[in-house]
Amino acid sequence: MVWRGNLKIAVLRVKFADVAQEQRDDGFYYDLFINRFTGGLNDYYINASGGNVNFDDSILLPWKSTVENRQDFLTKYAGRNNIINAACAIHGIDRSQFFAVVAIFNASTGDASSAGNGVLLSADAPIELEMRFLAHEIGHCFGFMDSYDESDRRQGSDPAEGWYWDQYDIMSARNTFSYSHPRWGMTGPNLAMPYKEFAGWTSKVYTTRTNVDHTDEIRLLSYANPLSNGYTCIRYDNWYVEFRTPDFFDTGLARPCILIHSMTPEVNAVVHNRNPVNWVNEWQVGDVFGAPPLVFSLFGGVRIEILGYNLQTGDKYARIRISVRRRRPPPVFPPTQPPVFPPIIPPGPLNPQSAPVAAISGQAPVQDLETNDPKAPIFVSNEEFISASKHTVDEDKQEEVAGRIRRTLEGIALHAKDEVLAPPAPPRNEDAEDTQ
Ligand SMILES: [Zn+2]
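Residue numbers (my numbering): 8 to 443.
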């Protein structure tokens, strides 16, 4: 869903009939939710949305009391959404007229989080008036779900693996690289790029064309200076590449880094690891994302190389090289794809010279090197194949071997096509055989 313009939040303050304390003064709430240039929630989403949305027209309503005592109220309005609706009723607010309603109680309701376009919190719990909590819950009002990484780690008793483990994203809040703001407590980080695109907030997107071979060098901008010349996001397939620096709401980040995300259909961003051994989720200068050299050379694909960072104030960007080669899927690889040719090739003795190629092609016919068949594949030796895979040979050599492997696969395909294939044997009737 695309979000634009002045989005109105109603900040409703409710005190229980038997709890007199009014927490904080009006200025605190105006600065936290509505006023600009305070480091508060309005600034957060102006920055995260690249200026596409703001909360300038939001309203702060005065403290109003419940009729019931705290215990009676919570018995009568059990459940988060019911409590938020009760707060709207006390203030005479039609919830549907606002982008979001934030119901703030002066003492604990035993619950705090979002429901639909409502957020529930208690002003006597300092953590619930922190920017990190608020920016996360308002994120849910935009339709963003919690974020993940690819690990099997769990947060406390949470059942799902990787849940809340994108420490670079506000939608993993409570387990993020945040910093302590003097007024708003734990604050940041910024919002992961897939959510920004989901909300229609990405304008400078480099989208790779995968049907033309090409190489580009681009500037990938930090959100610290989104108005500079360059791109804020690289898109290809379901991958989102972004550059983050420890500025503004990302002040809690330890260092500049490249992040690579994907998005699930359920609107969860997932941060893609660089290293699955100890779950390093950031990418740095010298790292390459995408097809390994041999696969790239053989079958095409996309490679994204991080060449360097420029970190001058006001002009922070990463230099990125994007290389694209049209994809050339091999005839019988990967084995999960439907076979192009009938896979009824009788097994023969394995030729050790051709073993690796046969192994990767799955259904390749085994060929005798001495054959005179002009269509027989040109095989690559085991040593050459492994050597090329490990990049231990120089680039020219690697290209040459890669070319021969490609020709080998093409040869196998050609040959297999010309084979006169015996019809499949009729299925055996096991039951009939067992019966006498
Ligand atoms: Zn959440």
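For each residue, glycine too, the CB sits at the ideal point set by N, CA and C.
Predicted model, so just to flag it, every value in this text is computed and none were measured.
### Query
What do you get for residue 83, buried or exposed, if any count of 16 or more other CB atoms within 10 angstroms of its CB means buried?
exposed
#### Entry: Element boundaries [beta strand (DSSP E), containing residue 69]
66 to 72
### Query
My guess is that residue 290 and residue 267 are in contact by the Cβ rule of under 8 Å, so how many angstroms apart are they, rounded?
6 Å
### Message
At a threshold of 6 Å, does residue 254 count as lining ligand 1 (C-beta to nearest heavy atom)?
### Response
no
#### Entry: Distance between residue 305 and residue 146 (C-alpha atoms, nearest Å)
43 Å
### Message
As an exercise, report each continuous alpha helix (DSSP H) stretch of at least 4 residues that is fully enclosed by the segment 35 to 97, in chain order.
### Response
48 to 55, 77 to 83
### Task
List the whole-angstrom C-beta distance separating residue 126 from residue 144, where the pair is believed to meet the contact cut-off of C-beta under 8 Å.
4 Å
### Task
Taking only heavy atoms of ligand 1 into account, decide whether any of them is closer than 6 Å to the Cβ of residue 165.
no
### Cβ-Cβ separation, residue 277 to residue 157 (assumed contact under 8 Å), whole Å
6 Å
### Query
Of all Cβ atoms in chain C, is any one closer than 7 Å to the Cβ of residue 222?
Here chain C cannot be found, since the structure has a single protein chain.
### Other residues of its chain near residue 252: CB distance less than 6 Å, five sequence neighbours each side excluded
229, 231, 263, 323
#### Entry: Complete beta strand (DSSP E) runs within the segment 192 to 263 (minimum length 3 residues, chain order)
192 to 194, 212 to 214, 221 to 228, 240 to 243, 246 to 251
### Query
If you follow the beta strand (DSSP E) that residue 301 is part of, which residue opens it and which one closes it?
First-last for residue 301: 300 to 306, but that is the alpha helix (DSSP H), not the beta strand (DSSP E).
### Query
Which term fits residue 46, buried or exposed, when burial requires 16 or more other beta carbons within 10 angstroms of its beta carbon?
buried
### Task
Alpha carbon to alpha carbon, how far is residue 221 from residue 247? Give it in angstroms, no decimals.
19 Å
### Burial state of residue 169 (16 or more Cβ within 10 Å)
buried
### Query
Looking at the unbroken alpha helix (DSSP H) that takes in residue 139, where does it start and where does it end?
138 to 148
### Query
With a CB to CB cut of under 7 Å and the five nearest residues on each side skipped, what residues in its chain are close to residue 129?
112, 114, 115, 116, 119, 135
### Query
In chain order, what residues of the same chain lie with their CB nearer than 7 Å to the CB of residue 191, ignoring the 5 residues before and after it?
39, 46, 47, 137, 138
### Query
Can you give the Cα-Cα distance for residue 329 and residue 238, rounded to whole angstroms?
13 Å
### Message
Quick check: the Cα distance between residue 325 and residue 250, rounded to an integer number of angstroms?
### Response
7 Å
### Classification of residue 209 by the beta-carbon crowding that lies within 10 angstroms, buried from 16 upward
buried
#### Entry: residue 381 classed as buried or exposed, judged by whether at least 16 other C-beta atoms fall within 10 angstroms
The predicted model places residue 381 with a pLDDT of 46, which falls under 50 and marks its position as unreliable, so this point remains unresolved.
### Query
Among 167, 141, 142, 172, which has the Cα closest to the Cα of residue 155?
172
### Query
With burial defined as no fewer than 16 other Cβ atoms inside 10 Å of the residue's Cβ, what is the status of residue 58: buried or exposed?
exposed
### Message
Give me the residue from 159, 318, 194, 181 with the minimum Cα distance to residue 286.
### Response
159
### Task
Kindly identify the DSSP beta-bridge partner or partners of residue 296.
311
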